[in-house]
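Down below is the structure, laid out as C-alpha cells.
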Amino acid sequence: MENERISHYELRRPLGAGGMGEVYEAWDFSLERLVALKFLATATAADPVSLARFEREALEAAKLNHPHIAIVHAFERTGPRPFIAMELLSGKSLRSRIDEGPMPIPEALALARDVAAALAFAHGRGTVHRDIKPENLMFDEHGSLKVLDFGLARAAQATRLTMTGTSLGTPAYSAPEAVRGETGPPADVFALGLVLYEMITGRRAFPSEHPMVVMYAIANEEPVPLAELRSDVPPAVQEVVTRLIAKDPAARPTAAETARQLADLTGVLHSSLDLPTPPPPGVTPTPRRRWPLAIGVGGLLAVTGAVFLLLTANGARDRAEAGRLSGLGSAALAERRIDDARDLFQRALDLDGHNAVALGNLGLILLNEGNVASAESLLTLALKHTRNPEARAGVLLNLGEINLRDGAYPEAIGRYREALASDSSYAHYYNNLAWALIQNRQPADAAAVLERGLQRFPSEPFLLKNAGLAAFELGDDANARRHLDRAIALDDSLTEAYTLRAQVRERNGDTAGAEADRRRAQQLGGGR
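Quick note on my numbering: the sequence shown kicks off at 150 and runs consecutively.
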C-alpha cells in the first residue's frame, strides 16, 4: 500500500499493526502534515453494525481535545477499508521506556499524573478508554505522553466477543470487574495503577504470560508490595498504587482524584489561568481555557519531583513539613478554597522560604487580588528557586501576564518566549506569546508562532481565533476568514471570533454577513 493515494492522503510507510488493524504514516494534503492512518480490521469493516459502532466511537474520540490525548482528525470510509486519521506521534511508546528499566519515581509519578488527567477529562465527557496499557501511551516529539485510541477498544473488539462475560482490554491490565465483562471509568483507573506499578518496578504486577493465570491473579491475588521490589518507594506512593488497584471498583479513586493526588505528590504550581481577574481598561483579555490536569482545574503545572525530593531529604524536617503544607495548599487552591490555600502556603513559607510551590501559588493569589507588586516579588523568588522546566514555564506565564496588564509588551514577549522554550506542551504558551506580539504590532511574528502552535494543537479555537487576528492585521483576509471559520465551527460561543469575522466580511463588502456576525456576538454578550 506504500505510496498509494487514498482520498487526500498518500501512504508513506507502514508503522506496524495496532489493535484495530494496520497503521501507516501518511501525508495529508489538506492539512499539509504527516498523520497516522489506522485501518480497520477486515472483520470490523465488513460488519455494518460493528462499522457503525466504530464510527460512533471514533467521532466521540475526535471531540476529546486535551494535551495528553492523541488528536483524532477524521473517520474516513474512502477506499477499500475505513480508517481513522490521527496525530502522528514520533516518540517511542511507554512500553519502550519501561523496557529500559525502572524509572525514577518522580518521573513515573509525573507520567501517571498526565495519563490520569487525560482519563479525568474523557470520563467527564462520558468516554471510557477500556484498554489502558503502555503500548497505548506514546510520547510526542517533545517528550509529552499521550493516550491513544480512546473508546476504540470496545468497537475494535466487539466483533470478537462471542460469549457473555468475555472481557475487553488486555488481560494483563484488566480490572477484576472487566474479567466479568463489566467496564467503566474505575477499570481505566485500575489499569493506570498497574501501569504505574510497572513504571516504578520495571515488571508487571501480575507477571504470568498465560492470560487465564493473569486474570485469576487479578481477581484473587495481590501483587508484591512496591517496597519489596524497590527500597526507595515512599509510603505515600505505595498507598496511592494500592488504592488504584483495589479489587472493589468503589474503593478506587476517580481519575480526577488520582490526578490531584499525583499532582500533590509531585508538587503543583497553579497558573493565573485558574483564577481570572478583569483586565485593565483598554487591554483585551487573552482567551482562557481550563486544562484539566487535576480535578476541575486547568493550567496546573507540576514541579516534577520537587515535593518528593523534599519529603525524602535526610534531616530536613522543616522542609518536609513545608512540602506537605504546600501540597495541601495546592489542593485547597484547586478547590477554590482561597483563604485556606493562602494560610497553608504562608505556613509553608514560614518553615521554608525557598519553597517554590508556596511562593508561586501565594504570588498567584496576590496577583488575582490586585496586589501586583507583592505578587511579582513572590513569583520572581519562585522562578529563582526552581529548576524544573514545567514549573518555570508556569511562573513565567504569570509574570508575563503582569507585563501584559501593564502594557509592557516587549517584557511580556520575553517572558512568554522563555516559557514556551521551557515547556511547549500547552497551547496557552503559544497563544499568549502570539497575543503579546500582536499587541506589540508584530503580526507576522505572531502568525509564525501560531502556525507552530496549530501544528501541535490544530483544534484549539483560541489559537485559530488569534491566527485569524494575525492574518487580518497582515491584510490576508483569505487566511483570516479560514481560521475564523474553523474557530467558530469548533466553538460557536467564541464572541471575539464573530466580532473579528464581521470586520473581515465588512472589509470585503459582505455587509449582510458582517451584520449577522455582529448580532451573534451581541447575543453572546460581548459584541459591539
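Ideal Cβ positions, reconstructed from N, Cα and C, are used throughout, including at glycine. Remember, predicted model here, so these are calculated numbers, not experimental data.
If we ignore side chains and look at the alpha-carbon of each, how far apart do A469 and A265 end up?
Start at 1 with the first residue of the sequence shown, and residue 469 comes out as number 320. Start at 1 with the first residue of the sequence shown, and residue 265 comes out as number 116. Rounded to the nearest angstrom, the two C-alpha atoms are 26 Å apart.
Could I get the ranges of all uninterrupted alpha helix (DSSP H) runs contained in the region 383-409, with 4 residues as the minimum, in chain order?
384-393
Around the Cβ of M235, are there at least 16 other Cβ atoms within 10 angstroms (buried) or fewer (exposed)?
Translated into the one-based positions of the sequence shown, residue 235 becomes position 86. The residue in question, M235, is buried, as its Cβ has 16 or more Cβ neighbours within 10 Å.
Just list the beta strand (DSSP E) runs in the region 205-233, keeping only unbroken ones of 3 residues or longer that don't cross its boundaries, in chain order.
221-225
Any idea what DSSP makes of G448, helix, strand or coil?
Working through the sequence shown from its first residue, we reach residue 448 at position 299. Any reading at G448 must be qualified, since the residue scores a pLDDT of 30, below 50, and its modelled position is unreliable; the value itself is stated next. DSSP places G448 in coil when its eight states are reduced to three.
Count the other CB atoms within 10 Å of the CB of V362; is the residue buried (16 or more) or exposed (fewer)?
The count along the sequence shown starts at 1 and reaches residue 362 at position 213. Looking at its Cβ environment, which holds fewer than 16 other Cβ atoms inside 10 Å, V362 is exposed.
Counting C-beta neighbours from all protein chains within 10 Å, is the total for L208 16 or more, i.e. buried, or is it exposed?
As a working mapping, residue 208 is identified with position 59 in the sequence shown. It is exposed - the Cβ of L208 has fewer than 16 other Cβ atoms within 10 Å.
So, are the CB atoms of F270 and H215 less than 9 Å apart?
Position 121 of the sequence shown, counted from the first residue, corresponds to residue 270. Position 66 of the sequence shown, counted from the first residue, corresponds to residue 215. Contact: yes.
Distance between Y575 and F606 (C-alpha atoms, nearest Å)
Along the sequence shown, read from residue 1 onward, the residue named residue 606 stands at position 457. Along the sequence shown, read from residue 1 onward, the residue named residue 575 stands at position 426. Roughly 9 Å between the two C-alpha positions.
Nearest-angstrom Cα distance between E655 and S523?
As a first step, residue 655 is located in the sequence shown; it is residue number 506 there, counting from the start. As a first step, residue 523 is located in the sequence shown; it is residue number 374 there, counting from the start. Their Cα atoms are separated by approximately 45 Å.
Report the rounded CA-to-CA distance for P197 versus T332, giving the unit in angstroms.
For the purposes of this step, residue 197 is taken as the residue at position 48 of the sequence shown. For the purposes of this step, residue 332 is taken as the residue at position 183 of the sequence shown. Spanning the two alpha carbons is a distance of roughly 24 Å.
Buried or exposed for D289, going by 16 or more other Cβ atoms inside 10 Å?
Position 140 of the sequence shown, counted from the start, is the residue given in the question as residue 289. Under this definition D289 is a buried residue.
Run through DSSP, which three-state label would D492 get?
Position 343 of the sequence shown, counting from 1, holds the residue named residue 492. D492 falls in the helix class under three-state DSSP.
Give me the Cα-Cα distance between H291 and E484, rounded to the nearest whole angstrom.
Translated into the one-based positions of the sequence shown, residue 291 becomes position 142. Translated into the one-based positions of the sequence shown, residue 484 becomes position 335. Whole-angstrom Cα-Cα distance: 30 Å.
On the three-state DSSP scale, how would you describe D280?
Here residue 280 refers to the residue found at position 131 when the sequence shown is read from its first residue. D280 falls in the coil class under three-state DSSP.
Are the beta-carbon atoms belonging to H272 and T403 less than 9 Å from one another?
Start at 1 with the first residue of the sequence shown, and residue 272 comes out as number 123. Start at 1 with the first residue of the sequence shown, and residue 403 comes out as number 254. In contact: H272 and T403 (Cβ atoms closer than 9 Å).
P372, DSSP secondary structure in three states
Walking along the sequence shown from the start, residue 372 turns up at place 223. Reduced to three states, the DSSP call for P372 is coil.
Using the C-alpha atoms, what's the distance from S242 back to G543?
Numbered from its first residue, the sequence shown carries residue 543 at position 394. Numbered from its first residue, the sequence shown carries residue 242 at position 93. If you take the alpha carbons of G543 and S242, they lie about 27 Å apart.
For D381 and T350, what's the separation of their Cα atoms in angstroms?
Here the question's residue 381 lines up with position 232 in the sequence shown. Here the question's residue 350 lines up with position 201 in the sequence shown. Distance between the alpha carbons of D381 and T350 is about 11 Å.
May I ask you to report which of helix, strand or coil DSSP gives G330?
Within the sequence shown, numbered from 1, the residue matching residue 330 stands at position 181. Correct three-state label for G330: coil.
Between A561 and L553, how many whole angstroms is the CB-CB distance? I'm expecting something under 8 Å.
Working through the sequence shown from its first residue, we reach residue 561 at position 412. Working through the sequence shown from its first residue, we reach residue 553 at position 404. That pair is a contact at about 5 Å.
Given that a residue counts as buried once 16 or more other Cβ atoms are within 10 Å of its Cβ, and exposed if not, what is A593?
Residue numbering aside, residue 593 sits at position 444 when the sequence shown is read from its first letter. Looking at its Cβ environment, which holds fewer than 16 other Cβ atoms inside 10 Å, A593 is exposed.
Quick check on the burial criterion: 16 or more other C-beta atoms within 10 angstroms. Buried or exposed for Q672?
As a working mapping, residue 672 is identified with position 523 in the sequence shown. Under this definition Q672 is an exposed residue.
Please confirm whether S479 and N504 have their CB atoms less than 9 Å apart.
For the purposes of this step, residue 479 is taken as residue 330 along the sequence shown, with counting starting at 1. For the purposes of this step, residue 504 is taken as residue 355 along the sequence shown, with counting starting at 1. For S479 and N504, no; Cβs fall outside 9 Å.
Cross-strand partners of L176 (DSSP beta bridge):
Sequence index remark: in the sequence shown, residue 176 carries index 27 (1-based). The sequence as given places Trp at residue 176; Leu does not occur at that position. BP columns for W176 point to E159, L183.
For A665, three-class secondary structure by DSSP
Taking the first residue of the sequence shown as 1, we reach residue 665 at position 516. DSSP places A665 in helix when its eight states are reduced to three.
Would DSSP call M287 helix, strand or coil?
Taking the sequence shown and counting its residues from 1, the one referred to as residue 287 is at position 138. Reduced to three states, the DSSP call for M287 is strand.
Chain-order list of residues whose beta-carbon lies under 7 Å from that of R601 (same chain, five-residue window excluded):
Here residue 601 refers to the residue found at position 452 when the sequence shown is read from its first residue. Result list for R601: Y579, in chain order.
Mind checking whether T391 and V338 have CB atoms under 9 Å apart?
As a working mapping, residue 391 is identified with position 242 in the sequence shown. As a working mapping, residue 338 is identified with position 189 in the sequence shown. No, the pair does not count as a contact, with Cβ atoms beyond the cut-off.
Supposed contact pair L258 and L414 - C-beta distance, whole angstroms, cut 8 Å
The count along the sequence shown starts at 1 and reaches residue 414 at position 265. The count along the sequence shown starts at 1 and reaches residue 258 at position 109. Right, their Cβ atoms sit about 5 Å apart.
Indicate whether the contact test is met: 3 or more Cβ pairs, each with one atom in the region 354-370 and one in the region 238-253, closer than 8 Å.
no
R202 to D298, Cα distance in whole Å?
For the purposes of this step, residue 202 is identified with residue 53 of the sequence shown, where counting begins at 1. For the purposes of this step, residue 298 is identified with residue 149 of the sequence shown, where counting begins at 1. Looking at the two C-alpha atoms, the distance is approximately 14 Å.
At a cut of 8 Å, does the region 512-521 reach the region 545-559 through at least three beta carbon pairs?
yes
S242 (DSSP reduced to helix, strand or coil):
The residue given as residue 242 occupies position 93 in the sequence shown. S242 falls in the strand class under three-state DSSP.
H222 classed as buried or exposed, judged by whether at least 16 other C-beta atoms fall within 10 angstroms:
By 1-based counting over the sequence shown, the position of residue 222 is 73. Flag for H222 reads buried.
Check E567 in the structure and name its three-state DSSP category.
Locating residue 567 in the sequence shown gives position 418, counting from the first residue. Looking at E567 - three-state DSSP - the assignment turns out to be helix.
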